[in-house]
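Working notes for the structure below.
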């Protein structure tokens with residue numbers, strides 16, 4: 740039996756606290772990913788991704804932080820406003836690696852007013868702990884729905 744101040748109990752609490760801290764940091768990473776796109780800080784890809792990260796989304800399939808930045812600039816740069824909301828994260832941590840599944844709704848506006856289109860996506864991501872904190876090493880997005888769904892406004896961004 741462990742008492743309130745036993746070494747086993749303290750160790751257990753420290754592990755639980757570390758897990759909660761990791762969950763909070765990865766949840767923050769999800770938010771930073773959306774802000775990175777919405778604020779068009781494409782040259783700051785390394786604040787979100789590892790150097791060799793890979794991404795597979797509707798707008799492309801690339802590997803490496805520089806190519807990720809190019810893809811984001813190409814798919815988001817022409818829009819005057821984008822708004823990415825990421826929610827419902829499920830995070831599984833295994834040491835310095837994490838698997839993340841999250842939902843995202845993203846709106847794309849060319850003139851800053853009404854969205855040209857809105858997409859709902861599911862993301863499956865891999866994150867790793869680096870010396871700079873958690874970063875995504877792999878991102879795979881699946882478009883679940885789109886408004887409007889007409890072919891004239893084919894998805895070039897996500």
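Residue numbers (our numbering): 740 to 897.
Glycine residues also receive a C-beta, built at the ideal position from the N, C-alpha and C atoms.
Around the Cβ of residue i, are there at least 16 other Cβ atoms within 10 angstroms (buried) or fewer (exposed)?
i           : result
residue 880 : buried
residue 824 : exposed
residue 849 : exposed
residue 821 : buried
residue 763 : exposed
residue 892 : Bear in mind that the predicted position of residue 892 carries a pLDDT of just 46, short of 50, making it unreliable; the figure below should be weighed with that in mind. With fewer than 16 other Cβ atoms within 10 Å, it is exposed.
On the DSSP bridge list, what partners appear for residue i?
i           : result
residue 859 : 844 and 884
residue 868 : 873
residue 793 : 802 and 877
residue 836 : 833 and 867
Return the first residue and the last residue of the beta strand (DSSP E) that residue i is part of.
i           : result
residue 778 : Looking at the DSSP string, residue 778 is not in any beta strand (DSSP E), and its letter there is neither H nor E.
residue 853 : Taken as a continuous stretch (DSSP letters only), residue 853 belongs to no beta strand (DSSP E), as it is neither H nor E.
residue 822 : 820 to 833
Residue i to residue j, Cα distance in whole Å?
i           : j           : result
residue 754 : residue 771 : 25 Å
residue 788 : residue 775 : 11 Å
residue 808 : residue 818 : 15 Å
residue 884 : residue 798 : 15 Å
residue 843 : residue 827 : 9 Å
residue 863 : residue 783 : 22 Å
residue 865 : residue 790 : 14 Å
Starting from residue i, trace the alpha helix (DSSP H) in both directions and tell me its first and last residue.
i           : result
residue 785 : Looking at the DSSP string, residue 785 is not in any alpha helix (DSSP H), and its letter there is neither H nor E.
residue 800 : Where residue 800 is concerned, there is no enclosing alpha helix (DSSP H), although the beta strand (DSSP E) it sits in stretches over 799 to 802.
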